[in-house]
Amino acid sequence: MEGLWQGDKQFRTEVSMQGLIQHMNLLRLLGFCSAGDDKMFIYEYMPNGSFDGYLFGGDNSSCPSWRDRYDIMLGVARGLAYLHDGC
Numbered sequence: 001m002e003g004l005w006q007g008d009k010q011f012r013t014e015v016s017m018q019g020l021i022q023h024m025n026l027l028r029l030l031g032f033c034s035a036g037d038d039k040m041f042i043y044e045y046m047p048n049g050s051f052d053g054y055l056f057g058g059d060n061s062s063c064p065s066w067r068d069r070y071d072i073m074l075g076v077a078r079g080l081a082y083l084h085d086g087c
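In the UniProt record's numbering, the protein residues as written are 1 to 87.
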């Protein structure tokens, strides 16, 4: 029973922290749902599909160029640096 309560507490903490984060290289949390044991985050819609689909061409599209991959890595690094130092 204690584990369930701890999970709820962690979920609420995560929601409150993510709600404060705003950075151009991070998805914005729009809302959340917590019904019984089911919990989920609701993020902004990404019209170009999933990140892994873009990187690995899951939908028969061509893989991104090395320049695009480099730009993606820079964006990821900037987002991580913000989470580490800027929050």
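The beta-carbon is built from N, C-alpha and C at its ideal position, and this holds for glycine as well. Just so it is clear, the structure is predicted and the values come from calculations on it, not from any experiment.
Residue nearest to residue i in terms of C-alpha spacing, selected from the options
i, options, result
"aspartate 37", "Leu55, Gly79, Gln6, Val76", "Gln6"
"glutamate 14", "Cys33, Arg69, Met46, His23", "Cys33"
"valine 76", "Met24, Ala35, Ser65, Lys39", "Met24"
"alanine 35", "Asp8, Tyr54, Pro47", "Asp8"
"arginine 69", "Ala81, Tyr82, Tyr54, Gly86", "Tyr54"
"lysine 39", "Phe11, Asp85, Tyr82", "Phe11"
Close beta carbons around residue i, own chain, < 7 Å, minus the five adjacent residues each side
i, result
"leucine 27", "Tyr43, Glu44"
Close beta carbons around residue i, own chain, < 8 Å, minus the five adjacent residues each side
i, result
"phenylalanine 56", "Cys63"
"methionine 46", "Leu27"
Contact check, residue i vs residue j, beta carbons under 9 Å
i, j, result
"isoleucine 21", "leucine 30", "no"
"phenylalanine 41", "glutamine 18", "yes"
According to DSSP, residues forming a beta bridge with residue i
i, result
"leucine 29", "Tyr43"
"alanine 35", "Asp38"
Residue i at chain B interface by Cβ criterion, 9 Å
i, result
"methionine 40", "The chain inventory of the structure shown lacks chain B, comprising one protein chain alone."
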